[in-house]
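Q: Per UniProt numbering, numbering through the sequence shown is continuous, rising by one, with the last residue being 281. Heads up, the beta-carbon is just placed ideally off N, CA and C, and yes, glycines get one too.
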Amino acid sequence: MVNDAQVQSPPQSDVHDNNSTNACDVNRGVKVLEYKGLLWKCGLREICLAALWLPLGALIFCYVSASIFQEDDIHETHCRVYNVVPSISAITGISPQRYLWRICIAFHLGPRLLIGSLYYNYHKERTAHITQEKTRVLATRLGEACYWLNFIELFALTGVTYVSNRENYFVHEKIFIVFMVAALLHMLCRARVGCIGNDAIEPVRTNKLVWILFYVAIAATIGLIVFFLRHRLLCRPLAFTWFSVCEYILATTNMAFHAVVVRDLPLHQLQVIGPNHEKTN
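1. Could you check if P86 is buried or exposed, using at least 16 other CB atoms within 10 Å of its CB as the buried criterion?
2. DSSP three-state label for L142, please.
3. Per DSSP, which one or two residues make a beta bridge with C42?
4. Between the Cα of E153 and the Cα atoms of N207, I175, L224 and I130, which residue gives the shortest distance?
5. Please report the residue range of the alpha helix (DSSP H) in which S89 lies.
6. Tell me the rounded alpha-carbon separation between L250 and F107.
7. Check whether the Cβ atoms of T158 and G197 lie closer than 8 Å to each other.
8. Leaving out five residues before and five after S9 in sequence, what residues of the same chain have Cβ atoms less than 8 Å from its Cβ?
9. Could you check which residue in Y122, A183, N121 and E125 has the C-alpha nearest to that of E247?
10. Under three-state DSSP, which class holds G37?
11. Can you tell which of R98, I94, S95 and A66 has the C-alpha that lies nearest to the C-alpha of V84?
12. Just curious, the alpha helix (DSSP H) that E173 is in, first and last residue?
13. According to DSSP, simplified to helix, strand and coil, what is H129?
14. Looking only at its chain, what residues have a beta carbon closer than 7 Å to the beta carbon of H268, apart from the 5 residues adjacent to it on each side?
15. Do you know how far the Cα of I225 is from the Cα of P111?
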């Protein structure tokens, strides 16, 4: 006698095989997407303006909010003399302003690194058209100096941001000096490389503006040093106020210097393009 369960088992196996076949047929009909061509693009102008407004907007917010709600904290000085304008370190070193300032500086580092690499290639391409060998070598070295000074400036800015004067004044002061020196040398090399080889290729269009920003930054740096010494050594009233004014001028010229790429390369875009895979025999 044959069991009913054994008789019914073959049809179930056939049904299972049919379902598997149908599933495979469905999978064969699914198309595999290939991400190729232009996937994303953004104007270089928008990227540069975002990199400018992140620290500038954060600085304005920190100054206004600290002046309204924490006036006693930001006007406290080493000599305890009368002060009107707080320093950048004072308004970005208190809580909660320090957190916003650090976040904005962190987010603007990526575009700044991108702009530095872009300018390196831009100067490299421009230098290739210079015919005189000595001038071409000098322009190449200045372009490389701009690239590395931009790195040092960014890392020093990061150190000044995340090591506040309230936490470690000695380290904060030394990193700030490195930042000022690197920023000024960066401006000088950028202004110098932009006017080399004018007999073979036109100068960079923003070169005059860069020279103006450099001279303003030099004047602000001299004033910053003089008023800092008057405050630190002589404890003169309002000396720290004028030191802070020079510091704001120096910061503004630095931001403007890094934003001139908008005028140098106004129509350039950052694009993400997927590769086109071609079958080869």
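A: In short:
1. buried
2. Here L142 sits in helix by DSSP.
3. In the DSSP assignment, C42 forms a beta bridge with L270.
4. I175
5. I88 to T92
6. 21 Å
7. Not a contact, by the Cβ cut-off of 8 Å.
8. Unreliable positioning characterises S9 in this predicted model, as indicated by a pLDDT of 48, which lies under 50. The coordinate reading is nonetheless provided below. Contacts found: none.
9. A183
10. strand
11. Comparing alpha carbon positions, the residue from R98, I94, S95 and A66 closest to V84 is A66.
12. Y169 to V193
13. Looking at H129 - three-state DSSP - the assignment turns out to be coil, as it is neither helix nor strand.
14. L44
15. The alpha-carbon of P111 is positioned some 31 Å away from that of I225.
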